[in-house]
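One structure is given below, encoded as structure tokens.
Residue numbers (full-length UniProt numbering): 1 to 363.
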């Protein structure tokens, strides 16, 4: 009998070391419980242990926090998968297990595969519009973006005096021990993350007035964006490590998407490296020729293109003229350009039918 009792207690201890708090046991559900079962269990237990119904009962308040924490983890698919695989410490360390402080009795057996570095913040993206002139010639553009960043006032400590004191609840351990009477003289001891300090073992008594104890806050960050000559539409420039961050978190990336402002394209349409434009001709110009016109262009050093026809050179409606090398610069090319396609549309007169007849007779 003593042997069985010893084995039971040893098994309970091993379970505690590996997994920490048993969230399924806290909610009283099976490990295969679905969301509905977890939600129902949480509702019943949260009503029973809610602080409003148990004023002054610290054990009930602690139980309520455990229930809420367990519910938060098990209702989040990603957190639940991490918890099922690595236990509570896996959630705390951002994936992977391992004990905080002291020697991990399983490290020599399992190796270091569970060790992970600090978590990484998510990448963010923003869109900036440029017209075709900017894409054609290239441009340097300065902009300001509000991002979460380390507080410069307290250097990320969150403390006005730069001091973090020992947590009064867990006494600096970051974890609290809970005891549960199993009957027959047996007591189960379980560890859980300290809710007051969120496992850090420290608490701030004098919060920074700038970040309000968070160690980070929204700040205006200045950037210089280079639009490469000939960059394609929706080109993305990545600013590595310039995204949002906070204490203990690796900064993410900032991705800037260069959009095309189609309302200021001088009448041109871009398709790949080629440009397209529609030009209207009067019926007289199309039939008799001998005309010339300048159209605006993107090139800062040659800002116009001359279109013309000699006398008696006929232009058909829908005719396309190709001007080689007058398209968009080819990004990364050796001074290479696409082509410009000019489509002519002939405007027929509605009233002066005599003029049309005379021109036909002359031709």
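Just so you know, even glycine gets a beta-carbon here, dropped at the ideal spot from N, CA and C. All figures in this text were calculated on a predicted structure; none of them were measured in a lab.
For residue 307, same chain residues with a beta-carbon under 6 angstroms away, outside a window of 5 residues either side, are 293 in chain order. Distance between residue 210 and residue 339, taken at the CA atoms: about 56 angstroms. In this structure, residue 192 and residue 21 form a Cβ contact; the two beta carbons are roughly 4 angstroms apart against a cut-off of 8 angstroms.
In this structure, residue 124 places its C-beta atom within 8 angstroms of the C-beta atom of residue 243.
Taking residue 344 as reference, the option from 327, 300, 276 and 30 with the minimal CA-CA separation is 276.
Shown here, residue 202 sits in a strand according to DSSP, grouped into three states. By the CB criterion at 8 angstroms, residue 215 and residue 246 fall inside the cutoff. In this structure, residue 200 lies away from residue 162, with their beta-carbon atoms at least 8 angstroms apart. Assigned with DSSP and collapsed to three states, residue 125 falls in strand. For residue 41, no beta strand (DSSP E) segment is defined; the enclosing uninterrupted segment is the alpha helix (DSSP H) at 35-49. Our two residues, residue 230 and residue 167, have alpha carbons roughly 58 angstroms apart in a direct line.
Annotation: residue 190 to residue 155 spans about 36 angstroms, alpha carbon to alpha carbon. Unbroken alpha helix (DSSP H) stretches of 4 residues or longer found wholly inside the stretch 226-305: 283-288, given in chain order. In this structure, the beta-carbon distance from residue 27 to residue 42 falls below 8 angstroms.
Between residue 144 and residue 226 the beta-carbon gap is near 16 angstroms, outside 8 angstroms, which marks them as no contact. Each residue's CA atom was taken as its position, placing residue 142 and residue 149 some 19 angstroms apart. Here residue 157 is buried, its C-beta having at least 16 other C-beta atoms within 10 Å. Residue environment analysis places residue 55 among the exposed positions, since fewer than 16 neighbouring C-beta atoms fall within 10 angstroms of its C-beta. Between the alpha carbons of residue 329 and residue 137 lies a gap of roughly 8 angstroms. The beta carbon of residue 260 lies closer than 6 angstroms to those of 233 in the same chain, with the five residues before and after it left out.
For residue 216, the three-state secondary structure derived from DSSP is strand. Take residue 266, set aside five residues on each side of it, and the residues of its chain with a beta-carbon closer than 6 angstroms to its own are 296, in chain order.
Collapsing the DSSP output to three states places residue 153 in coil. Rounded to whole angstroms, residue 315 and residue 256 show a C-alpha spacing of 45 angstroms. Between residue 286 and residue 346, the gap from beta carbon to beta carbon is short of 8 angstroms. Here residue 207 is not near residue 164, since their CB atoms are 8 angstroms or more apart.
Here DSSP, grouped into helix, strand and coil, assigns residue 172 to coil.
A distance below 6 angstroms between beta-carbons, with the five flanking residues on each side excluded, links residue 280 to the following residues of its chain, in chain order: 345 and 347. Here residue 328 carries a coil assignment [DSSP, helix/strand/coil]. Around the beta carbon of residue 271, fewer than 16 other beta carbons sit within 10 angstroms, so the residue counts as exposed. By the neighbour-count criterion, in which 16 or more other beta carbons inside 10 Å mark a residue as buried, residue 176 falls on the buried side.
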